[in-house]
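Residue numbers (our numbering): 18 to 158.
Notes follow once the structure below has been shown.
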């Protein structure tokens, strides 16, 4: 996934990752609140994504429609997008990115527990490894 996806294609992928396989009509309905598109535009975006091998399609069990599904997992795309935002907007500071995120939308108690578990994993992974100061004045492996 070398090239970044345009916003409209990324939003189509997000719908497929969140909802699972959908027809073009179902995608258009899910997108209409924040990105109203004509049916032909959704089909064009799906064709582009299919050409890039991001989505696959199968004939729907009934009617003429195709059902589209994601062929790639979102993780790599998430990492690429966040890496870009981290470098361009937050000067490489993960702490600043996370702080800004939580100022925008505070995590629930369940999410805080998940975050604490993630921090414990990161601490145990990094314990015993030598650290050196980073260029930004913090500590880095």
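C-beta: ideal position from N, C-alpha, C; glycine also.
Residue i - partner residues in DSSP beta bridges
| i | result |
| --- | --- |
| residue 83 | 76 |
| residue 39 | 85 |
Pair within 7 Å by beta-carbon distance, residue i and residue j
| i | j | result |
| --- | --- | --- |
| residue 83 | residue 96 | no |
Rounded distance between the beta-carbons of residue j and residue i, thought under 8 Å
| i | j | result |
| --- | --- | --- |
| residue 54 | residue 87 | At roughly 18 Å, the Cβ-Cβ gap does not stay under 8 Å, so residue 54 and residue 87 are not in contact. |
| residue 39 | residue 59 | That belief does not hold up - the Cβ atoms of residue 39 and residue 59 are roughly 10 Å apart, past 8 Å. |
| residue 85 | residue 72 | 5 Å |
Cutoff 6 Å; reference residue i; Cβ partners in own chain excluding five residues on either side
| i | result |
| --- | --- |
| residue 22 | none |
| residue 47 | 32 |
| residue 114 | 103 and 107 |
Own chain residues within Cβ distance below 7 Å of residue i, not counting five before or after
| i | result |
| --- | --- |
| residue 154 | For residue 154, the predicted model reports a pLDDT of 47, less than 50, meaning its position is unreliable and no value from the coordinates is stated. |
| residue 63 | 29, 41, 72 and 85 |
Buried or exposed by the 16-neighbour rule on C-beta atoms within 10 Å, applied to residue i
| i | result |
| --- | --- |
| residue 66 | buried |
| residue 19 | Confidence at residue 19 is low in this model, with a pLDDT of 49, below 50, so its placement is unreliable and the value that follows should be read with caution. So residue 19 ends up on the exposed side. |
| residue 140 | exposed |
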